[in-house]
Amino acid sequence: MSNEPDTEPDTAPDSVEKVERTDFGCSMEARLDRGTDTRDQDRVTIKSKGETAEETIVEFYKLLEEYDQEISGRLRDVQPEADEAGEEDED
């Protein structure tokens, strides 16, 4: 047996590593709810980040425009499936 202490990482006693987090810049978040009925609701969260408030606002409006032009219409087109047992086509 060796008298040297075992200092391998997997056998060393539990140690605590202190990490200090520093965030720089700006972030912005908006949550939108659309619709009133349970099956007719869309919930969207738009988040943007930038180094300055101006960059953050520009990024936010870019994301908002993308949502308005592309995503919102697609969400509205998604409709819940009709209950197969309750509604069948009669030919």
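Under the UniProt record's numbering, the first residue of the sequence shown is numbered 1, with each subsequent residue one higher. All residues carry an ideal CB built from backbone N, CA and C; glycine is no exception.
Quick check on the burial criterion: 16 or more other C-beta atoms within 10 angstroms. Buried or exposed for residue i?
i, result
"Ser48", "buried"
"Arg76", "exposed"
Please go through the same chain and pick out, in chain order, the residues whose beta-carbon is closer than 6 Å to the beta-carbon of residue i, but skip the five residues on each side of it.
i, result
"Met28", "Ser48, Thr56 and Phe60"
"residue 105", "An answer regarding residue 105 cannot be provided, because it is not within the stretch 1 to 91 covered by the chain."
Please check the pair residue i and residue j, which I expect to be a contact at CB under 8 Å, by giving their CB distance rounded to whole angstroms.
i, j, result
"Gly25", "Glu51", "5 Å"
Apart from the five residues on each side of it in sequence, which residues of its chain come closer than 8 Å, Cβ to Cβ, to residue i?
i, result
"Val58", "Gly50"
"Gln41", "Asp33, Arg34 and Gly35"
Which residues in the same chain as residue i place their Cβ atom closer than 7 Å to its Cβ, once the five residues preceding and following it in sequence are excluded?
i, result
"Leu64", "Ile46"
**OP:** Entirely within the stretch 15-51 and at least 3 residues each: give me those beta strand (DSSP E) ranges in chain order.
**Re:** Within the stretch 15-51, the complete beta strand (DSSP E) runs of at least 3 residues are 26-34 and 42-50.
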